[in-house]
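**Student:**
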Amino acid sequence: MRTVAVAYIPVFHEGYRRFIEESGAQELHLLHPSVSHAIVGIARDMRAVEPKLLAMMLNQTKGLVSPALDLVSVVNTVGLRSLAMRKDVRLILPDEDVSRYVAKRFFGRKRITFIPFFLRWDGMAALSKLPPDEDIIVTSSEAARKFLRQADELSKRSSDFWRQIGAIAVTRDGKRLAAFNESVPPQQQYANGDPRSNFQAGEMIECSLFMHAERALLTAAASRKNISLRGADIYQTVFPCVSCAQMLAEARVRSVYFKDGYANLNGREALRNREVKVVRVSF
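Residue numbering for the sequence shown follows this note's numbering, starting at 323 and increasing by one per position.
1. Count the other CB atoms, across all protein chains shown, that sit within 10 Å of the CB of Gly-589; report buried if there are 16 or more and exposed otherwise.
2. Roughly how far, in whole angstroms, is the beta-carbon of Leu-413 from the beta-carbon of Ile-434, given that I think they are within contact range, below 8 Å?
3. DSSP on Pro-373, reduced to helix/strand/coil?
4. Note down, in chain order, each residue of its chain lying with its Cβ closer than 7 Å to the Cβ of Asn-514, except the 5 sequence neighbours on either side.
5. Is Ala-329 helix, strand or coil when you go by DSSP?
6. What does a CB cutoff of less than 7 Å around Ala-535 pick up in its chain, not counting 5 residues either side in sequence?
7. Considering just the uninterrupted stretch of the alpha helix (DSSP H) at Val-420, what are its terminal residues?
8. Can you tell me the Cα-Cα spacing of Arg-324 and Asp-474, whole angstroms?
9. State the DSSP-derived secondary structure class of Ala-544, mapped to helix, strand or coil.
10. What residues in its chain sit with their C-beta under 8 Å from that of Met-569, if we drop five residues either side in the sequence?
11. Report the option in Ser-550, Ser-565, Asp-482, Ala-571 whose CA atom is closest to the CA atom of Leu-499.
12. Mind the definition here: the stretch 381-388 touches the stretch 334-344 only if three or more C-beta pairs lie below 8 Å; say whether that holds.
13. Grab the span of the alpha helix (DSSP H) containing Lys-409 for me, first residue to last.
14. From Phe-334 to Leu-376, what distance separates their C-alpha atoms?
15. What is the rounded straight-line gap between the Cα of Asn-398 and the Cα of Val-578?
16. State the start and end residues of the unbroken beta strand (DSSP E) segment that holds Arg-602.
17. With respect to the alpha helix (DSSP H) encompassing Ser-462, which residues constitute its N-terminal and C-terminal limits?
18. Sort out for me which residues DSSP pairs Asp-582 with in a bridge.
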């Protein structure tokens with residue numbers, strides 16, 4: 323039984339090398355553009371190397387990529403159908419949108435192993451709702467719990483049907499700001515419906531009538547004299563979306579305490595890059 327990996331690889335990096343090595347693939351079949359370009363956005367990937375060139379390079383260095391690898395080729399629709407007919411293979415694919423498309427279109431009921439690897443910002447990674455990274459701090463501090471309880475009570479004041487979020491900022495000099503996600507302007511809420519109702523979780527998060535609680539905190543700080551969120555501690559009921567995470571990071575807050583996880587487009591990375599301490603509060 324041959325272990326065969328099929329993948330869309332726009333550019334080769336350590337993540338793909340690890341995927342090939344850990345999968346134990348003996349054959350690697352790179353998807354031809356006639357297959358991969360069926361996925362929205364793939365044709366716009368300016369990084370993408372011509373698969374034939376990539377296959378040539380990998381064939382010359384396959385021993386360095388993985389000891390088990392002995393064949394690298396480019397596969398088109400005809401090749402994928404032939405691969406589906408083979409009975410001597412165990413198929414391995416990275417768990418991403420192109421792989422799912424290929425599996426559904428060409429491999430039907432053939433048994434496939436999807437390996438979860440973050441290799442690029444594909445459609446699934448960009449829109450998925452994921453827990454924040456495992457390297458976060460976890461605390462059961464009563465002081466943190468107290469602020470999170472207050473934030474939770476604040477969230478109940480939100481009239482957003484989609485998600486109710488409360489947030490509290492404690493500045494370095496002890497000043498406090500509180501906010502929740504609310505309609506802007508409040509008197510026009512739902513008058514013509516809510517555009518957010520047209521999308522699934524994680525999709526088009528900016529398409530909303532509601533200002534996020536974190537943005538409301540930043541706006542409140544900006545509108546008042548002698549208040550800065552630089553070095554502040556933020557307590558919020560839900561992990562920030564990537565946009566809010568970026569804004570908190572650029573505001574140079576010291577830490578973000580949260581209760582529930584919601585990582586879209588890896589907002590954790592934005593906070594990590596600014597050395598913002600991220601703490602999950604357990605109850």
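Using N, Cα and C, we set each Cβ at its ideal position, and we do this for glycine too.
Source: prediction; values computed, not measured.
**Tutor:** Quick answer:
1. Indexing the sequence shown from 1 puts residue 589 at position 267. Gly-589 comes out buried.
2. For the purposes of this step, residue 413 is identified with residue 91 of the sequence shown, where counting begins at 1. For the purposes of this step, residue 434 is identified with residue 112 of the sequence shown, where counting begins at 1. So it is a contact: roughly 5 Å between Cβ atoms.
3. Position 51 of the sequence shown holds residue 373. In the structure shown, Pro-373 sits in a helix (DSSP, three-state: H, G or I).
4. Position 192 of the sequence shown, counted from the start, is the residue given in the question as residue 514. Per-residue confidence for Asn-514 stands at a pLDDT of 47, beneath the threshold of 50, marking its modelled position as unreliable; no derived number is given.
5. Within the sequence shown, the letter at position 7 stands for residue 329. Strand.
6. The residue given as residue 535 occupies position 213 in the sequence shown. For Ala-535, where only same-chain residues beyond five positions count, the Cβ hits under 7 Å are Ile-487, Gly-488, Ala-489, Ala-501, Phe-502, Asn-503, Gln-558.
7. Numbered from 1 along the sequence shown, position 98 holds the residue referred to as residue 420. Note, Val-420: alpha helix (DSSP H), 419-424.
8. As a first step, residue 324 must be located in the sequence shown, where it is residue number 2. As a first step, residue 474 must be located in the sequence shown, where it is residue number 152. Spanning the two alpha carbons is a distance of roughly 54 Å.
9. Position 222 of the sequence shown, counted from the first residue, corresponds to residue 544. Correct three-state label for Ala-544: helix.
10. Numbered from its first residue, the sequence shown carries residue 569 at position 247. Only Glu-536, Arg-537, Leu-540 meet the Cβ criterion.
11. The residue you call residue 499 lines up with position 177 of the sequence shown. Closest option to Leu-499, Cα to Cα, is Ser-550.
12. yes
13. Walking along the sequence shown from the start, residue 409 turns up at place 87. Run containing Lys-409: none; DSSP gives neither H nor E here.
14. Numbered from its first residue, the sequence shown carries residue 334 at position 12. Numbered from its first residue, the sequence shown carries residue 376 at position 54. So the two alpha carbons sit approximately 8 Å from each other.
15. For the purposes of this step, residue 398 is taken as residue 76 along the sequence shown, with counting starting at 1. For the purposes of this step, residue 578 is taken as residue 256 along the sequence shown, with counting starting at 1. Spanning the two alpha carbons is a distance of roughly 47 Å.
16. Stepping through the sequence shown from its first residue, residue 602 is reached at position 280. Element bounds for Arg-602: 599-603.
17. Numbered from its first residue, the sequence shown carries residue 462 at position 140. Taken as a continuous stretch (DSSP letters only), Ser-462 belongs to no alpha helix (DSSP H), as it is neither H nor E.
18. Residue 582 sits at position 260 when you count from the first residue of the sequence shown. According to DSSP, which records beta bridges pairwise, Asp-582 is partnered with Val-560.
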